[in-house]
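Colleague: Each residue of the sequence shown is one higher than the one before, starting from 1 at the first, in UniProt numbering. Just so you know, even glycine gets a beta-carbon here, dropped at the ideal spot from N, CA and C. Bear in mind that the values here come from a model prediction, so they are computed numbers and not experimental data. Take a look at the following structure, please.
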Amino acid sequence: MSPLAFAEDENDIEKIIVTGQKIDRTLQETPTSVAVITNKILEEQKLNDLYDALSVIPNVTGEVGVGGFTIRGIDSFNVSGGGNSFLTSVYVDGAPLPMREIQQGGFSTWDVSQVEVLRGPQSTLQGRNALAGAIVVNTYDPSYEYSAKGRVILGENGQQEFALAAGGSLVEDLLAFRFTAEDRNFDGVNTNTSRNNEHSDFSDSSLYRFKLLFEPIDDFSAILSYTKTETEMGVLWADAHPTLAKDHRKVSFNDPTWEFTDSDLFVLDLDYYLNDIWSVQAITTYSDMTYGYEWDGDASPEPQARLFDDRSDVTFTQELKVTFEYDNLKGIIGAYYSDLEVKDVAIGNRSITLAQLGVPKLLVAPPEFGGLGLANALAEQVLGLYAPVNPVLLDTYSNFNSQVTNNALFADVTYRINDKFDVFAGLRWDREKQSNENEQEYGIGNADLLPNPADYAFNPMLAQLIGGLNGQLLGMAAQASQQEPLTSETFSEFLPKLGASYHFNDTITTSFIYQQGYRSGGVGTNVARAETFVYQPEFTDNYELSFRSTWLDGTLVANANLFYLDWQDQQVNVQLSGNQYDRKTTNAGQSEVKGFELEFFYFPTNYLTLTAGFGRAKTEFKEFIVEIPGEATLDLAGQSFADAPEWTANLAATYRTEFGLYLSADANYQDSSLADTTYQTSSEMRALWGQDYIPKNDARTLINARIGYQWEHYDIQLSAKNLTDKVYDARGARSNNKTLGQPRQISLSFTASF
């Protein structure tokens, strides 16, 4: 439970309600580790998007555009390299967001009532894509009272943000509406030396939302909402090289490189209170998101390669749940259905080195490993003849179609034995069907630059080698060019949860929870061999102790969670040869995650608020073998996950005066972490950065500060993010690029509320 949530009603924490476990509970009644950030905190600290909000929560990390976020050291999308299901879901008003929308900026927090981050497996209630946790975003619903608010933010580096929200009654006590709009623009801080020094990391986004409340009879409500979002953004990474300065913020690719999303989201929420004990809720959602990119396929100043992608994710979900609450027994029973259809067409050409294709390894690898077994000197001579075609320009076309259908039944109940003891249990039956089909075409665009064996007739052995290697390269492309028929696989599991709570008194409670996490299996295609494969689900056993307490007449909240997670049958991406496309997914990994969260909130006076959080999430692979054909096998047991800082902490203070002036500051710390799980497999990275190089994300402490004045209906605020202008690698260099954290950003905002 996050102390950040303490607070819109001063010292009455019981008014903060957690909705992410599908049955409303107060924060102190929720044994699961959950952080709730209210609208007051979002606006006061200028947490303008989902990633801003995540930055102030212990054991939660992430930066927009870097790839996603982590909960307790577990990446939201992948840890061990295999599989195609997520590890964390993000819901907005009950609707799941597609992966690309999460990665490309997440979701704006303008007119959001609260953000809930549930740490730890939520598979019993949330089902698929909740092994690491879940994030629940709730926006403001319509009301019959007229209200309006607007905000303007102007800042450095071309920051311009304009936002509006308004609503009220259309028909008294029957029909009400709420309209929300926001437009955000940011020029960027990185420059492109090949494109007239234009900014390569720009971002532009817009959001429009309309909600309609209909209450024709007592105890029944219907809310229909439509949300439209659009984003365009460049790339956040910059060129990296051992000779470049730490704060080098330049790129040099010549072709336009950017990504976009365009999303339409519909939600229908029906609620009916049958009586004081029973209620029914039905949530229907439909989303249609388009994602695409235009990309420099060689990331260089040369006009060699360009890539284009067009992807659509269409998702339909239906959930029906019945909630009941007797004196000593309360719970929820529900059913869930979802259907996801993905269509992804990519075309273009990309630059790929012979090393990435595995050619150097092929030349020297023993014949028993599929190689030619050449001596190093001869292999170097042969490679020298291929310099004109290195890198290879790989012409690509792919048409991927996928459908994932999910059916589930779930229940969660709590029974109060007496005033001291509660016991609770949950169970989910989850059935998932995956169907994939794929068409792929590959060709070598600069095949005319391949050496001609006839030119080396004076050396028959060399001519034979050249002819054979040419055949291998052309054969790789031909073999990978296949049309895979529709392949389907179905997985079903029972997912349990058990726990108990002990109430020392009205203000102190401890709980123990066991819950199983789940990530579905799937089907995939080995591109190099044109073969389909099936892999099985992976599971976690999560054990958690929680402590909830309030002190000093409710002005101090102190909470803690201690956890241990045992992860079995992890889906691992296995390389079968030196060809980087010769891969498949198998269940071959095992890991553990252990740690804690400590969170405090203190409200010593009516003018001062203090919050603090401290988290540890130690991730470790227990079994993880990476086989590199023709080279030594790597045992990664004992290594941590990528992008998984072991230690995180946050501290914040807000002071308000009687005459409207206020000061606010916060500091957030993240430990250093690996930037790549299997960095040892990259010979190119080692050649560039050195044999002992380990790609890491920097440890950093970021300080943000705000000063403002509030009067009547208005608020003006001057804010600084990264006040000390800390320079750090948000994503350490794994090849010739890296992502730097955002520099200091000064902005001025004006807000009016009526």
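(1) Can you tell which of 749, 750, 731 has its C-alpha closest to the C-alpha of residue 236?
(2) For the candidate residues 157, 386, 562, 505, whose alpha-carbon lies nearest to that of residue 744?
(3) Applying the criterion that 16 or more other CB atoms from any shown protein chain within 10 Å of the CB defines a buried residue, is residue 4 buried or exposed?
(4) Would you mind working out which of 67, 49, 73 sits nearest residue 671, comparing C-alpha positions?
(5) Would you check if the distance between the CB atom of residue 178 and the CB atom of residue 121 is smaller than 8 Å?
(6) Scan the UniProt domain "TonB-dependent receptor plug" (27-134) and note each continuous beta strand (DSSP E) run of 3 residues or more that stays entirely inside, going in chain order.
(7) If you reduce the DSSP assignment to three classes, tell me which class residue 195 lands in.
(8) According to DSSP, is residue 479 part of a helix, a strand, or is it coil?
(9) By the three-class DSSP mapping on this structure, what secondary structure does residue 727 have?
(10) Taking buried to mean at least 16 other C-beta atoms within 10 Å of its own C-beta, is residue 54 buried or exposed?
(11) Thinking C-alpha only, which one of 39, 192, 97, 557 is nearest residue 296?
(12) Determine, using beta carbons only, whether residue 311 and residue 344 come nearer to each other than 8 Å.
(13) With distances taken from CA atoms, which of 550, 229, 415 is nearest residue 759?
(14) Tell me the rounded alpha-carbon separation between residue 755 and residue 253.
(15) Would you mind listing the beta strand (DSSP E) stretches within the region 633-686 that are 3+ residues and don't spill past its ends, in chain order?
(16) Kindly give me the distance between the Cβ atoms of residue 682 and residue 643, rounded to whole angstroms, as I take these residues to be in contact under 8 Å.
(17) Rounded to whole angstroms, what is the Cα-Cα separation between residue 10 and residue 115?
(18) CA-CA distance, residue 571 and residue 507?
(19) Compute the distance between the beta-carbons of residue 729 and residue 704, then report whether it is under 8 Å.
(20) How is the beta strand (DSSP E) around residue 175 delimited, first residue to last?
(21) Starting from residue 522, follow its DSSP beta bridges and name the residues at the other end.
(22) What's the C-alpha gap between residue 95 and residue 402?
(23) The alpha helix (DSSP H) spanning residue 381 covers which residue range?
(24) Below 8 Å on the Cβ atoms is my contact criterion, and I expect residue 175 with residue 213 to pass it. Report the Cβ-Cβ distance as a whole number of Å.
(25) Indicate the three-state DSSP secondary structure (helix, strand or coil) for residue 271 in the structure shown.
(26) If you draw a straight line from the alpha carbon of residue 547 to that of residue 617, how long is it in whole angstroms?
(27) Alpha carbon to alpha carbon, how far is residue 540 from residue 289?
(28) Find the nearest neighbour of residue 433 within the set 493, 284, 146, 352, judged by alpha-carbon distance.
(29) So which of 511, 224, 392 has the shortest CA-CA distance to residue 476?
(30) In the DSSP output, what is residue 443 paired with across the bridge?
(31) Is the beta carbon of residue 61 sitting closer than 8 Å to the one on residue 677?
(32) From residue 524 to residue 341, what distance separates their C-alpha atoms?
(33) Under a Cβ-count criterion, where at least 16 other Cβ atoms within 10 Å of its own Cβ denotes burial, should residue 278 be classed as buried or exposed?
(34) Between which two residues does the alpha helix (DSSP H) holding residue 359 run?
(35) Using the DSSP secondary-structure output, state which residues sit across from residue 208 in a beta bridge.
(36) Enumerate in chain order the residues of its own chain whose CB-to-CB distance from residue 329 is below 8 Å, with the five nearest sequence positions on each side excluded.
Modeller: Taking the structure as given:
(1) As a first step, residue 236 must be located in the sequence shown, where it is residue number 236. It is 731.
(2) Reading the sequence shown from its first residue, position 744 is the one you call residue 744. The option with the nearest alpha carbon to residue 744 is 157.
(3) Here the question's residue 4 lines up with position 4 in the sequence shown. Any reading at residue 4 must be qualified, since the residue scores a pLDDT of 43, below 50, and its modelled position is unreliable; the value itself is stated next. By the 10 Å Cβ count, residue 4 comes out buried.
(4) In the sequence shown, counting from the first residue as 1, residue 671 sits at position 671. It is 73.
(5) If you number the sequence shown from 1, residue 178 lands on position 178. If you number the sequence shown from 1, residue 121 lands on position 121. Against a cut-off of 8 Å, the Cβ pair of residue 121 and residue 178 comes out as no contact.
(6) 33-38, 60-63, 68-71, 88-92, 112-119
(7) The count along the sequence shown starts at 1 and reaches residue 195 at position 195. Residue state, collapsed to three classes: coil.
(8) The residue you call residue 479 lines up with position 479 of the sequence shown. Residue 479: helix per DSSP, three-state reduction.
(9) By 1-based counting over the sequence shown, the position of residue 727 is 727. Reduced to three states, the DSSP call for residue 727 is coil.
(10) Reading the sequence shown from its first residue, position 54 is the one you call residue 54. Buried, by the Cβ-count rule.
(11) Counting from 1 along the sequence shown, the entry for residue 296 is found at position 296. Looking at the Cα atoms, 192 is the closest of the given residues.
(12) Reading the sequence shown from its first residue, position 311 is the one you call residue 311. Reading the sequence shown from its first residue, position 344 is the one you call residue 344. Yes. Within cutoff.
(13) In the structure displayed, the chain extends from 1 to 754; residue 759 sits before or after that span and is not available.
(14) Absent from the structure is residue 755, since the part of the chain shown begins at 1 and ends at 754.
(15) 647-656, 661-670
(16) Translated into positions along the sequence shown, residue 682 becomes position 682. Translated into positions along the sequence shown, residue 643 becomes position 643. Wrong, their Cβ atoms sit about 17 Å apart, outside the cutoff.
(17) As a working note, residue 10 is residue 10 in the sequence shown. As a working note, residue 115 is residue 115 in the sequence shown. Note that residue 10 scores a pLDDT of 42, beneath 50, so its modelled location is shaky and nothing firm can be said.
(18) Position 571 of the sequence shown, counted from the start, is the residue given in the question as residue 571. Position 507 of the sequence shown, counted from the start, is the residue given in the question as residue 507. The alpha-carbon atoms of residue 571 and residue 507 are separated by roughly 43 Å.
(19) Here residue 729 refers to the residue found at position 729 of the sequence shown. Here residue 704 refers to the residue found at position 704 of the sequence shown. Result no, Cβ atoms of residue 729 and residue 704 do not sit closer than 8 Å.
(20) Position 175 of the sequence shown, counted from the start, is the residue given in the question as residue 175. Per DSSP, residue 175 belongs to the beta strand (DSSP E) from 175-186.
(21) By one-based count along the sequence shown, residue 522 stands at place 522. Beta-bridge pairing links residue 522 to 535.
(22) The residue you call residue 95 lines up with position 95 of the sequence shown. The residue you call residue 402 lines up with position 402 of the sequence shown. For residue 95 and residue 402, the distance between alpha carbons rounds to 20 Å.
(23) In the sequence shown, counting from the first residue as 1, residue 381 sits at position 381. Run containing residue 381: 376-385, per the alpha helix (DSSP H) assignment.
(24) One-based indexing of the sequence shown puts residue 175 at position 175. One-based indexing of the sequence shown puts residue 213 at position 213. Contact holds; Cβ gap of about 7 Å.
(25) As a first step, residue 271 is located in the sequence shown; it is residue number 271 there, counting from the start. Strand, per DSSP.
(26) Numbered from 1 along the sequence shown, position 547 holds the residue referred to as residue 547. Numbered from 1 along the sequence shown, position 617 holds the residue referred to as residue 617. Each residue's alpha carbon lies about 18 Å from the other.
(27) The residue given as residue 540 occupies position 540 in the sequence shown. The residue given as residue 289 occupies position 289 in the sequence shown. If you take the alpha carbons of residue 540 and residue 289, they lie about 31 Å apart.
(28) Residue mapping note: residue 433 aligns to position 433 of the sequence shown, counting from 1. Checked all of 493, 284, 146, 352; the closest Cα to residue 433 is 493.
(29) Along the sequence shown, one-based indexing puts residue 476 at 476. It is 392.
(30) Residue 443 sits at position 443 when you count from the first residue of the sequence shown. Paired residues: 395.
(31) Along the sequence shown, one-based indexing puts residue 61 at 61. Along the sequence shown, one-based indexing puts residue 677 at 677. Taking 8 Å as the Cβ cut-off, residue 61 and residue 677 do not qualify as a contacting pair.
(32) By 1-based counting over the sequence shown, the position of residue 524 is 524. By 1-based counting over the sequence shown, the position of residue 341 is 341. Each residue's Cα considered, the two are about 16 Å apart.
(33) Stepping through the sequence shown from its first residue, residue 278 is reached at position 278. Classification of residue 278: exposed, given that the 10 Å Cβ count is below 16.
(34) Reading the sequence shown from its first residue, position 359 is the one you call residue 359. Looking at the DSSP string, the run of the alpha helix (DSSP H) that includes residue 359 is 359-364.
(35) Position 208 of the sequence shown, counted from the first residue, corresponds to residue 208. For residue 208, which the question treats as bridged, DSSP gives the partners 181, 228.
(36) As a working note, residue 329 is residue 329 in the sequence shown. Excluding residues within five positions, the ones whose Cβ falls inside 8 Å are 413, 414, 415, 416.
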